[in-house]
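K.L.:
Input: one structure, supplied below.
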Amino acid sequence: MEILHTISELRSHLDRERADGKTIGFAPTMGALHHGHESLMVAASTMCNVGVASIFVNPLQFAPDEDLDSYPRMLDEDAAKAEAAGIEYLFVPSVREMYPEENWTTVSLRVVTEPWEGSSRPTHFAGVATVVSKLFNIVGPCTAYFGQKDYQQLAMLRRMTTDLNFPVDVKGMPTVREEDGLAMSSRNLRLTPEHREQAPTVQRALQAGVTAIEGGERDPAAVEAIVRAIIATAPLAAEPDYIAVVDAASLRTPEILSGEIRLLTAVYFGDVRLIDNVGVVAP
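For the sequence shown, the numbering used here begins at 2 and goes up steadily by one.
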């Protein structure tokens, strides 16, 4: 595996690979890699001829009061995991390499980013869309792999890719979970033992919502109430930022649930904000 730090190096290597007829799989990350990231890197390296991953803690997607400085950085460990996952090129740019001057251009999307995470973190998605646009332009034609844990982000990137005609196929991969159901996240490292013990309540609550829908419940407000009540049984969980029962494509709440539905939530445990979601089909 080669670790590359400049845009020109990565482009040069990948242009040569494509000239040889090889396909490129790409897994963008912010580092602090866990099994969820590893599954994306394995997909990139096995479903395509050449596996590429990036590690870049993107300052544009953090608000001033968020945890940019405390976001875990562990390049040596991350590089070893990337290599074990079959990655051939690991792109690790500096902030100056990605943003050599004040950034005058941003990418933002309406509709799919306005509610839920967009309401709670109004600058977040523009930061994500901007850096992923840059990465897609740097990497070039590829298949890009993202986890479904960040479902609203996945929906945004799919629409962005279509709207801006990127030569990229965006693949959503299943959420990887701990044995007790907690969705794997780099932020889990910051949970206290007490918070970590109660955090799986979020997934249990969402699954209770799924069970209700599968049992015939079609009122999104009733499903939301079920999820909220179970989260409330965790004494250390704060009031959820949101609980949403939405159409999986539009991310809007229908009057009556039908078709593909997504249950979304964000909950603080101490100063750690955990997001999760599950899907279900309401016949």
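We treat Cβ as the ideally placed atom computed from N, Cα and C, and that holds for glycine.
Could you say which of ASP70, ASN59, GLU118, VAL203 lies nearest to THR234 if we only look at CA atoms?
P.N.:
Of ASP70, ASN59, GLU118, VAL203, the residue nearest in Cα terms is VAL203.
K.L.:
One question on the structure: do GLY32 and LYS150 come within less than 9 Å of each other, judged by their Cβ atoms?
P.N.:
No, these two residues do not count as a Cβ contact at 9 Å.
K.L.:
Touching or not, the segment 85 to 96 and the segment 168 to 179, by the rule of three or more beta carbon pairs under 8 Å?
P.N.:
Touching, no.
K.L.:
Verify the contact flag: GLY260, CB atom, against every heavy atom of the ligand NAD, threshold strictly below 8 Å.
P.N.:
By its list of ligands, the structure shown contains no ligand whatsoever, and the ligand NAD lies outside what it can speak to.
K.L.:
Excluding five sequence neighbours on each side, which residues of the same chain lie with their C-beta closer than 7 Å to the C-beta of GLU218?
P.N.:
For GLU218, where only same-chain residues beyond five positions count, the Cβ hits under 7 Å are VAL224.
K.L.:
Is ASN189 helix, strand or coil by DSSP?
P.N.:
Helix.
K.L.:
If we ignore side chains and look at the alpha-carbon of each, how far apart do ARG197 and ASN189 end up?
P.N.:
Whole-angstrom Cα-Cα distance: 8 Å.
K.L.:
Which runs of the alpha helix (DSSP H) spanning at least 4 residues fall entirely within the segment 14 to 101, listed in chain order?
P.N.:
List check, alpha helix (DSSP H) in window: 36 to 48, 76 to 85, 96 to 99.
K.L.:
Going by DSSP, what residues sit across from THR283 in a beta bridge?
P.N.:
Rather than Thr, the amino acid found at residue 283 in this sequence is Ala. DSSP output for ALA283 lists GLY260 as bridge partner(s).
K.L.:
From the DSSP output, read off the bridge partner residues of ASP277.
P.N.:
In the DSSP output, where bridge partners are listed per residue, ASP277 has THR266.
K.L.:
Taking only three categories from DSSP, how would you classify GLY217?
P.N.:
Residue state, collapsed to three classes: coil.
K.L.:
Would PRO236 and VAL268 qualify as a contact pair, given that the criterion is a beta-carbon distance under 9 Å?
P.N.:
Cβ distance not < 9 Å, so PRO236 and VAL268 don't count as in contact.
K.L.:
On the DSSP bridge list, what partners appear for MET174?
P.N.:
MET174 pairs with GLY148.
K.L.:
Report back the beta-carbon spacing between VAL246 and PRO284 to the nearest angstrom; my notes put them in contact at under 8 Å.
P.N.:
VAL246 to PRO284, Cβ: 16 Å. No contact.
K.L.:
What are the residues that DSSP puts in a beta bridge with ILE1?
P.N.:
Nothing about residue 1 can be reported from this structure: the residues present for the chain run from 2 to 284 only.
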